[in-house]
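Structure, as structure tokens:
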Amino acid sequence: MRHYDLSTERVLPIAFIAVALLAFVGGTFRIQHQKFGRTPFFASVNLAAQEQVDFIRYSVESGFTYNPPGVLAALFGGTSPSTAATTTTTSGVPVITYHRIVEKPDGDHVTIEQFKEQMYALKRAGWQTVTLADFEAFVRGDRKLPEKSFLITFDDGAKESFYPVDPLFRTLGYNGVAYIIVDGMNTAGSTYYLSPEEITRMLETGRWEIGSHSKNGHQTHNIDATGEHGHFFSDKLWLPEYDRIENEDEFRARVARDLNESKEELEATFGVPVRTFAFPFGDSGEESQNFKNSSDVVIEEARKVYTIGFLQTRREEYSFNKPDQRFLAFRIEPQAEWSGADLVAVLESGSPKKTPFRARFTPLEGWIPSWGGMSLSGGVLTLGSIPESSSGSAILDGTFDWDNYTLTARTSWESGSALLLFDVINSRTYRACSFSLGHVEIQSITPEVRRIILKKAVPGLTPGNDRKLGVATSGRNVSCRVGDVAVGTATIADERGGIGLQVWNPHLGEAHLTISSLEVTE
Amino acid sequence: MNENTAHNQLRTIRQRYLGNGIPWFFFFVIIYLILVLKAVTMRSLDHSPFFGIYSLLITVYILSRFLLAYFHKPAHNDPHYQPTVTFVVPAKNEEDNIGETIRRFAEVDYPREKIEVIAINDGSTDRTLEEMERVAREITPVVKRVEVVNWSENRGKREGMAEGVHRATHEIIIFIDSDSFIKADCVTHLTKYFVDPRVGAVAGHTDVYNRDTNLLTQMQAIRYYIAFSVYKAAESIFGNVTCCPGCCSAYRRAYVLPVLDEWRNQMFLGEKCTFGDDRSLTNFIIRKYEAVYSPEAHAHTIVPDTFRKYVKQQQRWKKSWMRETFIASTFMWRKNPIAAFFFYSYVFLAFASPIVFFRAVFWLPLNTGIPPWVYFIGLFLMLFLHGLYYRIQVGPRAWLLAIINFWFNTVILMWQLPWAIITIRDSRWGTR
Chain A
1 MRHYDLSTER
11 VLPIAFIAVA
21 LLAFVGGTFR
31 IQHQKFGRTP
41 FFASVNLAAQ
51 EQVDFIRYSV
61 ESGFTYNPPG
71 VLAALFGGTS
81 PSTAATTTTT
91 SGVPVITYHR
101 IVEKPDGDHV
111 TIEQFKEQMY
121 ALKRAGWQTV
131 TLADFEAFVR
141 GDRKLPEKSF
151 LITFDDGAKE
161 SFYPVDPLFR
171 TLGYNGVAYI
181 IVDGMNTAGS
191 TYYLSPEEIT
201 RMLETGRWEI
211 GSHSKNGHQT
221 HNIDATGEHG
231 HFFSDKLWLP
241 EYDRIENEDE
251 FRARVARDLN
261 ESKEELEATF
271 GVPVRTFAFP
281 FGDSGEESQN
291 FKNSSDVVIE
301 EARKVYTIGF
311 LQTRREEYSF
321 NKPDQRFLAF
331 RIEPQAEWSG
341 ADLVAVLESG
351 SPKKTPFRAR
361 FTPLEGWIPS
371 WGGMSLSGGV
381 LTLGSIPESS
391 SGSAILDGTF
401 DWDNYTLTAR
411 TSWESGSALL
421 LFDVINSRTY
431 RACSFSLGHV
441 EIQSITPEVR
451 RIILKKAVPG
461 LTPGNDRKLG
471 VATSGRNVSC
481 RVGDVAVGTA
491 TIADERGGIG
501 LQVWNPHLGE
511 AHLTISSLEV
521 TE
Chain B
1001 MNENTAHNQL
1011 RTIRQRYLGN
1021 GIPWFFFFVI
1031 IYLILVLKAV
1041 TMRSLDHSPF
1051 FGIYSLLITV
1061 YILSRFLLAY
1071 FHKPAHNDPH
1081 YQPTVTFVVP
1091 AKNEEDNIGE
1101 TIRRFAEVDY
1111 PREKIEVIAI
1121 NDGSTDRTLE
1131 EMERVAREIT
1141 PVVKRVEVVN
1151 WSENRGKREG
1161 MAEGVHRATH
1171 EIIIFIDSDS
1181 FIKADCVTHL
1191 TKYFVDPRVG
1201 AVAGHTDVYN
1211 RDTNLLTQMQ
1221 AIRYYIAFSV
1231 YKAAESIFGN
1241 VTCCPGCCSA
1251 YRRAYVLPVL
1261 DEWRNQMFLG
1271 EKCTFGDDRS
1281 LTNFIIRKYE
1291 AVYSPEAHAH
1301 TIVPDTFRKY
1311 VKQQQRWKKS
1321 WMRETFIAST
1331 FMWRKNPIAA
1341 FFFYSYVFLA
1351 FASPIVFFRA
1361 VFWLPLNTGI
1371 PPWVYFIGLF
1381 LMLFLHGLYY
1391 RIQVGPRAWL
1401 LAIINFWFNT
1411 VILMWQLPWA
1421 IITIRDSRWG
1431 TR
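Here the protein sequences line up with chains A and B, keeping their order.
Position 112 of the first sequence, counted from 1, bears residue number 112 in the numbering used here, the numbering being contiguous throughout.
Position 174 of the second sequence, counted from 1, bears residue number 1174 in the numbering used here, the numbering being contiguous throughout.
Okay, structure coming up:
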């Protein structure tokens, strides 16, 4: 007597169920792998859930907070109706950049809540993202873009720069660019970096483009025998097998290889063109510890491979990017403590300014201190050198596009020279009228040289309080003005550029300049 | 197959499966989740074979119980085979229940002239003896023979059971606990298996009588139901039920007699064995014969209703499980290879589970920061699977709460095995 029943009618249903179960389990892993690559399973489940929950949450929230009619469209259509296209074009486009968008504040990264607030604020203020291709064409000078256009980038290709962001972009109709570290995405089982499968999915949304953030250049490497660390793209690395650091050729070859390989691997993996590069650590060689010319080499090599190399905004640069800009582009990195309003204010302070212009010297007007000390209070701008230095300098953001204007300022300085800057390309390349005891100069400054174009004695010109100084530039003609009188005139190559202020005093730490009013007219 | 039987079969299938369509669906969803969970954890365990094997085995073991139980086939009832039976019921201080227990022996659907009743009063200090004698007088006219044995000194349950076997004159001995109640068709469904001469013991299906007392008894109701209808059914496939419990089991007297004295005087580690009598006797039988499970032979038993009593009972069971499993390990390898594989697997799992628990709940969180939620979810899913099965088979009860209760209890009960090993020779809890 058998105690079991293996008749067909008993076996068949269970066999069917068993096969179905195995198929479902197999299918589950297949789908997981297709969508998340080698991301660990539970992390994938978490992310998938987060994606869905966030999208629904953002759709509903955004409906209430910025665009009531958008709710249904967002829930069912995917994007909210875009605002009517503005007809005015802009002369500058800002790029903002993030790394990860984190869940809990870590003092370093923007949190999901803040990011959301920042994006809602930008959307409400009328800012609209452009694609990387648009941005490339813009800086090449091939395409006009509407006012309040901007680009968002995310460095590192971390999971946390896609999953918390994409549902929000989907609701707001924004798009972004992810700068991928090739070695990062290839890290098996990473819960930090996006896997290639996830990047593919990201590209398929149509909301994302990618660029290179290097292959292996985002780690620090040994630069001497003691184990001191330096940046891949700015330092000659230590070669333990030869007991020395790289020579210039080896540095150049290594950097060039990484620039090329990262581009090639990304293009081969995703079948999309990769034409832009974001420098790891925002360092294209300037932070070098052991190779003074690394910046030149790195940028020279990078330009052979890419059309744009992204850096973070620097003190010496305008915060927006403009047409005919050469290779490097600059990005504003919103800080962990910025509110949405802060970010909007920062973008507004960098926005192209119009003439006639009258300065109010408010903190968010866009005065960028390039060096020395700068303070803004009571409608007065004060520049001073810091101890052990001889000058202070500031430029006005958003003025890069100005041409043919007259700048008039009421200034107070005690000794040395007060300079009104014009044709400012950046804080290292500009022209200036320099006013000092008994004479004016017209100078042309580049990083390499300060050239005196004109030096003219002006008897009666003395430092002091409330001096009215000015500069007028019109075509190739420039004149420096004291009071309402042109005291020195020169003819130089026509150049477009903004304004700035500077003070210089050979006695270290004594340079001091106060500007109580500033006006620019056509 | 003619049209009519096909139609009937369809109807049976519909009733049996589709009536519980949604719970069954969730049942398989849970299995799916378990398989996914296991596949994931297996991947991450490839560097530690011990835990990998544990993870794989526990899943295979539990799912195989359901699968084997599904294929279990109860014996057909042969109306011409009706052996004589003896009920043996030892009792100590059971004045409340003993009367009802014995009365039911005379109410069974079985030829009364084939029924013998032997009740042993094992030194009760209450009115158990009076109750026995009263009910004995009541049923004497109905059945073949009734005998009440009175011991003024307590000798232990095993002695009582052995005495019953000794005095019995019929072919089949049915042991009934003094707090268990049988249903009328129980005898037929127990005896029908003995038509096969290989069968030496048959375990009836025992449910919890006091199920609705509290959450603890509800939890035990699920445990009992699953232990019988899934785990014993699975063992029964190979005629290898490892414990035919004292509350309601039948033994062939001819197979018991040769081992009776050996069983009665069983020693382990120099101590006389005073508990786990049923498991021990089953062990003697399955050396040579088969022990099977009869899902149709219904009885009810009263279970502990306080946590303290429950833990004591479980501790006693764990100790006897330890002892008898050790003994069974010496011959189980000669049985059916599949049955043997699962037997030894279970031994491994039982000993490994506290280690796995310790690793998942303390070691990994403290040393690597990996939280134990995967472990707890896995445990919960397994218990949930059992609860759903109970819900499907028995109907909507307070099963979910009971399962959650079970979940917490598992954590406590798991540590009883190591504790039982430490205290194996301490027989203070031996008496019931």
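For each residue, glycine too, the CB sits at the ideal point set by N, CA and C.
Here LYS1309 (chain B) is exposed, its C-beta having fewer than 16 other C-beta atoms within 10 Å.
In the DSSP assignment, THR187 (chain A) falls outside any alpha helix (DSSP H) and carries neither an H nor an E. By the CB criterion at 9 Å, ILE199 (chain A) and GLY157 (chain A) fall inside the cutoff. In this structure the segment 462-474 of chain A lies against the segment 412-421 of chain A, because at least three pairs of beta carbons, one per stretch, are closer than 8 Å. Closest in C-alpha terms to THR408 (chain A), from the list A:ILE425, A:HIS213 and A:PRO356, comes A:PRO356. Rounded to the nearest whole angstrom, the CA to CA distance from SER474 (chain A) to VAL272 (chain A) is 46 Å.
Between the beta-carbon of VAL255 (chain A) and that of PHE281 (chain A) there is about 14 Å, and that puts the pair past the 8 Å contact cut.
For ARG314 (chain A), there is no enclosing beta strand (DSSP E), as DSSP gives it neither H nor E. Secondary-structure assignment with DSSP links ASN426 (chain A) through a beta bridge to A:THR429. Boundaries for ASP401 (chain A): no beta strand (DSSP E) harbours it, and the DSSP string shows neither H nor E there. Taking CB atoms only, LEU1035 (chain B) has a neighbour in chain A less than 9 Å away. In terms of Cβ geometry, TYR1293 (chain B) and PHE1228 (chain B) form a close pair [threshold 9 Å]. Under the DSSP assignment, ASN477 (chain A) falls in the beta strand (DSSP E) whose first and last residues are 477-482. Residues VAL1208, ASN1210, ARG1211, VAL1303 and ASP1305 of the same chain have their beta carbon placed closer than 7 Å to that of THR1217 (chain B), with the five preceding and five following residues left out of the count. Between the C-alpha atoms of THR1330 (chain B) and PHE1341 (chain B) there is a straight-line separation of about 13 Å. If you look at ILE492 (chain A), you'll find it isn't in any beta strand (DSSP E); DSSP assigns it neither H nor E.
In the pairwise beta carbon analysis, the segment 1074-1086 of chain B is classified as touching the segment 1154-1170 of chain B: at least three pairs are separated by under 8 Å.
When secondary structure is reduced to three states using DSSP, PRO1090 (chain B) falls in the strand class. Using a Cβ distance threshold of 9 Å, TRP402 (chain A) and VAL520 (chain A) count as a contacting pair. Scanning the segment 1074-1157 of chain B for uninterrupted beta strand (DSSP E) segments of 3 residues or longer gives 1085-1091, 1115-1122 and 1145-1151, listed from N- to C-terminal end. For VAL298 (chain A), the nearest beta carbon of chain B is not closer than 9 Å to its own beta carbon. Secondary structure within the segment 1178-1239 of chain B: the alpha helix (DSSP H) runs of 4 or more consecutive residues, fully enclosed, are 1186-1191, 1215-1226 and 1233-1236 (chain order). Of all alpha-carbon atoms in B:VAL1202, B:LYS1319 and B:CYS1247, the one lying nearest the alpha-carbon of ARG1253 (chain B) is that of B:VAL1202. Of all C-beta pairs linking the segment 1102-1109 of chain B to the segment 1133-1150 of chain B, three or more are shorter than 8 Å, placing the two stretches in contact. Beta-bridge annotation (DSSP): ARG1252 (chain B) is paired with B:ILE1172.
For the segment 1039-1052 of chain B, residues whose beta-carbon sits nearer than 7 Å to a beta-carbon of chain A comprise ALA1039 and VAL1040.
Excluding the 5 residues flanking it on each side, GLY189 (chain A) has same chain C-beta neighbours closer than 6 Å at ARG38 and PRO40, in chain order. For VAL344 (chain A), the nearest beta carbon of chain B is not closer than 9 Å to its own beta carbon. The beta-carbon distance between PRO1090 (chain B) and MET1042 (chain B), rounded to whole angstroms, is 49 Å. This is too long to meet the 8 Å contact definition. Counted as a single uninterrupted DSSP element, the beta strand (DSSP E) harbouring TYR179 (chain A) occupies residues 176-180. By the CB criterion at 9 Å, GLN118 (chain A) and LEU343 (chain A) fall inside the cutoff.
Scanning chain B for C-beta atoms nearer than 7 Å to the C-beta of ILE31 (chain A) yields nothing, as the closest lies near 11 Å away. The three-state secondary structure of THR129 (chain A), taken from DSSP, is strand. Partner residues in the beta bridge of GLU519 (chain A), as assigned by DSSP, are A:ARG358 and A:THR408. By the Cβ rule, the segment 152-166 of chain A counts as touching the segment 180-187 of chain A, because three or more pairs are nearer than 8 Å.
No Cβ-Cβ contact shorter than 9 Å links SER427 (chain A) with PRO506 (chain A).
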